[in-house]
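FYI, in our numbering the residues of the sequence shown are 5 to 340. Report on the structure given below.
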Amino acid sequence: MRITTNALIRNYKSNLSASINNLNISRTHVMTQRSFNTAAEDPASAARASQLHRKYYKNQDNLKMLDEVQSRQDGQEDALRQVSNMVKTISKNYNIQALNGTNQTKEVRQSYASAIRQFQQSMVLSLNSTYEDTFLFAGSDGKNPPFELSSNGTLSYRGIDVNASKGSADYQKLKTMSNENLYVDLGMGLSMDNYDQVVSSSAFNMSLPGINAVGYGSDENGMSNNIIVMAGKLADALEADTFDADQFRNLMNKFDTLGTNLTNQITELGVKSEFLTTTKDRLDNAEISIQEQMSSVEGVDMAEAITNYSWDQYAYNAALKVGTSILSSSFIDFMR
């Protein structure tokens, strides 16, 4: 078979191009530490890697949301602890001492009442605390302060008197607001039921309406179930011209009971915080697992990649060396 010079050159150029391409691919593998850089190189692995990347970024979103929720809940817990500490201070420093016979002068009782009213105002301020631009205890209406204490001692939650009588329209509104939920997806498989409502077990409820913590309505004796209102009632009893010790003792007992309810609410927040901690550990472990899977699908064995690169470099240099001598002798050299 006759091999022409043009055929030899075309074959050389084709092989040299293939050698350059192989060298470029192996160099890219070493630099990027990836087994493929385009879907065309490995379609099956590229499809698998795409799924893993979606899972990874979704997990990252869940972790960011969890940090937001945890910070928000820390703010709620701090505010409730402030209120709880005020309640304990009132019970310890004023309620019991007010019943002491040596402290039952009008001036002393007046000073106790003034201190309790200051605590009452501070409780409202704590419950109107915010996280970023959202009020922590406003339920679904996080843009407006939930509590307002008027000069006559009336406490309202989102415009409704917290002492609304049971069975009234306002009481039903308060009850509805106390059950408001604000669900967030933390990677638990958020799903909806047949009524397009979030399945509670598939999401985390970060809502905490303030009236759940401090109470609303009244009991069968007509006493308020709200601890802030009860603080005002204690102050009223202390400011009365005639101090009724029995009445004050009943008010104090009710106040202490509501303080226990507030402590229980803080405990529930602690349980939710523990759940968030557990969820964060799960998401962190999931991130590590996904990264390992991504590495196994996309990553390259560096020892093998460097070996391949060295071989392709050697082949390319050899091709260049052949190219310098491929036309060193031609038909013209033999013409005399």
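Even glycine gets a Cβ: it sits at the ideal position worked out from N, Cα and C.
Minimum C-alpha distance to residue i - residue among the options
i: VAL112; options: PHE123, ASN99 and ASN254; result: ASN99
i: MET298; options: ALA235, VAL275 and GLN37; result: GLN37
i: ALA3; options: LEU27, SER118 and SER211; result: Because the chain in this structure spans residues 5 to 340, residue 3 falls outside the shown range and cannot be described.
i: TYR220; options: ASP65, ASN167 and GLY226; result: ASN167
i: SER222; options: MET192, PHE259 and VAL203; result: PHE259
i: THR246; options: ASP305, ASP316 and THR109; result: THR109
i: ASN225; options: SER205, ASN156 and ASN257; result: ASN257
i: ASN321; options: ALA22, ILE13, GLU136 and ARG14; result: ALA22
i: GLY191; options: LYS62, ILE231, MET306 and LYS170; result: LYS62
i: SER314; options: VAL34, SER206 and GLN176; result: VAL34
i: TYR116; options: ILE94, SER130 and SER160; result: ILE94
i: ILE231; options: SER39, VAL87 and LEU324; result: VAL87
i: GLU308; options: LEU12, SER39 and SER205; result: SER39
i: ALA272; options: ARG58, LEU84, LEU324 and THR261; result: According to the sequence as given, residue 272 is Glu; it is not Ala. Of ARG58, LEU84, LEU324 and THR261, the residue nearest in Cα terms is LEU84.
i: SER169; options: LEU178, GLY163 and LEU70; result: LEU178
i: LYS92; options: ALA323, LEU324 and THR261; result: THR261
i: GLN293; options: ALA48, ARG14, MET306 and GLN64; result: A small fix is needed here, since residue 293 is Ser in this sequence, not Gln. Measuring from the Cα of SER293, the nearest candidate turns out to be GLN64.
i: ASN156; options: GLN101, GLU136 and VAL233; result: VAL233
Contacts around residue i, its chain only, beta-carbon distance under 7 Å, and the 5 residues preceding and following it disregarded
i: GLY327; result: TYR16 and LEU20
i: ASP165; result: THR158 and ASP174
i: ASN41; result: THR32
i: MET210; result: VAL73, ARG76, GLN77, LEU186 and VAL188
i: GLN317; result: LEU27
i: LYS276; result: GLN77
i: TYR135; result: SER75, ARG76 and GLY79
Own chain partners of residue i with C-beta closer than 8 Å, once the 5 adjacent residues on each side are dropped
i: GLN114; result: LEU242 and GLU243
i: GLN295; result: TYR60
i: ASN132; result: PHE139, PHE141, PRO149, PRO150 and PHE151
i: ARG162; result: ALA142, GLY143, ASP145, ASN148, PRO150 and MET181
i: VAL202; result: ASN185, TYR187, LEU194, SER195 and MET196
i: MET69; result: VAL188, ASP189 and LEU190
Helix, strand or coil at residue i [DSSP, three-state]
i: ASP285; result: helix
i: GLU152; result: strand
i: ASN209; result: strand
i: ASN220; result: Per the sequence presented here, residue 220 reads as Tyr, with Asn not at that position. Correct three-state label for TYR220: coil.
i: LEU364; result: The structure shown does not extend to residue 364, since the chain spans only 5 to 340, so no value can be given for it.
i: TYR199; result: coil
i: SER228; result: strand
i: PHE247; result: coil
i: SER144; result: coil
i: GLY263; result: helix
i: SER23; result: helix
i: LYS170; result: coil
i: GLY236; result: helix
i: GLU45; result: coil
i: GLY193; result: coil
i: THR180; result: helix
i: THR109; result: coil
i: THR271; result: helix
i: THR32; result: helix
i: THR8; result: coil
For residue i: DSSP bridge partner residues
i: TYR135; result: THR138
i: ILE164; result: TYR161
i: GLY303; result: ARG38
i: TYR175; result: TYR175 pairs with nothing; no bridge assigned.
i: TYR187; result: ASN209
Beta-carbon contacts of residue i that lie in its chain and below 6 Å, excluding the five residues immediately before and after
i: SER182; result: PRO213, ILE215 and ASN216
i: SER144; result: GLU184
i: GLN269; result: ALA217
i: ALA235; result: ILE120 and GLN124
i: ASN25; result: none
i: SER30; result: ASN312, TYR313 and ASP316
Whether or not the stretch 247–262 and the stretch 277–285 are in contact is what I'm after, with contact meaning three or more pairs of Cβ atoms, one per stretch, closer than 8 Å; do they touch? No, the stretch 277–285 is not in contact with the stretch 247–262.
Are the stretch 222–241 and the stretch 186–196 in contact at 8 Å, needing three or more beta carbon pairs? Result no; under three Cβ-Cβ pairs closer than 8 Å.
At least 3 beta-carbon pairs within less than 8 Å: the stretch 287–294 vs the stretch 261–274: No, because fewer than three Cβ pairs between the stretch 287–294 and the stretch 261–274 fall closer than 8 Å, the two stretches do not touch.
Does the structure place the stretch 115–128 close enough to the stretch 64–82 that three or more beta carbon pairs sit under 8 Å? A contact is defined here as three or more CB-CB pairs under 8 Å, and the stretch 64–82 fails this definition with respect to the stretch 115–128.
Are the stretch 47–63 and the stretch 300–316 touching, with three or more C-beta to C-beta distances below 8 Å? Yes, they touch.
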